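Novice: Structure incoming, see below.
In the numbering used here, the protein residues as written are 112 to 274.
What follows is the structure, given as structure tokens:
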């Protein structure tokens, strides 16, 4: 399994096989089914292949971020991880700007930049797709001059990025 970022991967079939093996090994029929659903959704939204980041995150595309502190790096632009308790769906731009969408989504828990869903059958997948699309576009619009997720308005209010 991958231990870091897939940025230097050139063997696309091996990377695809790695994601497939990871999803096939996800314990629990619901979590595995939901991972399959998100694989399809995220692939459609991003147009990018799935890659395994840090051995347990399925990511699509990547973006470059830079904080005012000077810290910078690359990360998956959209991603999720089928965890034991729930599906973790990552929003690099934070969940702060998604208040209205979260109210319509259905049963979930939320942290600064992570949405936790226990069963995708119980949420509005159109709302989730809208959220992931908006987030992906925000962080791939160019170099992401990142506010941290705790300061989030979803990247949409980022003064360094044109609307």
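Built from N, CA and C at the ideal position, the CB exists for glycine as well. Bear in mind that the values here come from a model prediction, so they are computed numbers and not experimental data.
Can you list, in chain order, the stretches of the beta strand (DSSP E) that have 3 or more residues and sit fully within the segment 182 to 207?
Specialist: Correct list: 183 to 193 and 198 to 201.
Novice: Are the beta-carbon atoms belonging to residue 243 and residue 193 less than 8 angstroms from one another?
Specialist: no
Novice: Could you compute how far the alpha carbon of residue 208 sits from the alpha carbon of residue 249?
Specialist: Cα to Cα, residue 208 sits roughly 11 angstroms from residue 249.
Novice: Please report the straight-line C-alpha distance between residue 203 and residue 149, rounded to a whole angstrom.
Specialist: 17 angstroms
Novice: So residue 134 and residue 125 are in contact, right, with Cβ under 8 angstroms, and what is the actual spacing, rounded?
Specialist: The beta carbons of residue 134 and residue 125 sit about 15 angstroms from each other, so the pair does not count as a contact at 8 angstroms.
Novice: So, residue 231 versus residue 221, is the Cβ gap smaller than 8 angstroms?
Specialist: no
Novice: How would you label residue 210, buried or exposed, when you count the other beta carbons within 10 angstroms and need 16 or more for buried?
Specialist: Counting Cβ neighbours within 10 Å, residue 210 comes out exposed, since fewer than 16 surround it.
Novice: In its own chain, which residues sit with a C-beta less than 7 angstroms from the C-beta of residue 215, not counting the 5 before and 5 after it?
Specialist: 235 and 238
Novice: Measure the C-alpha to C-alpha separation of residue 201 and residue 156 and round it to an integer number of angstroms.
Specialist: When rounded, the separation of the alpha-carbon atoms in residue 201 and residue 156 is 14 angstroms.
Novice: From the DSSP output, in three-state form, read off residue 77 for me.
Specialist: In the structure displayed, the chain extends from 112 to 274; residue 77 sits before or after that span and is not available.
Novice: Within 10 angstroms of its Cβ, does residue 245 collect 16 or more other Cβ (buried), or is it exposed?
Specialist: buried
Novice: May I ask which residues mark the beginning and end of the alpha helix (DSSP H) holding residue 243?
Specialist: From DSSP, the alpha helix (DSSP H) with residue 243 extends over 236 to 250.
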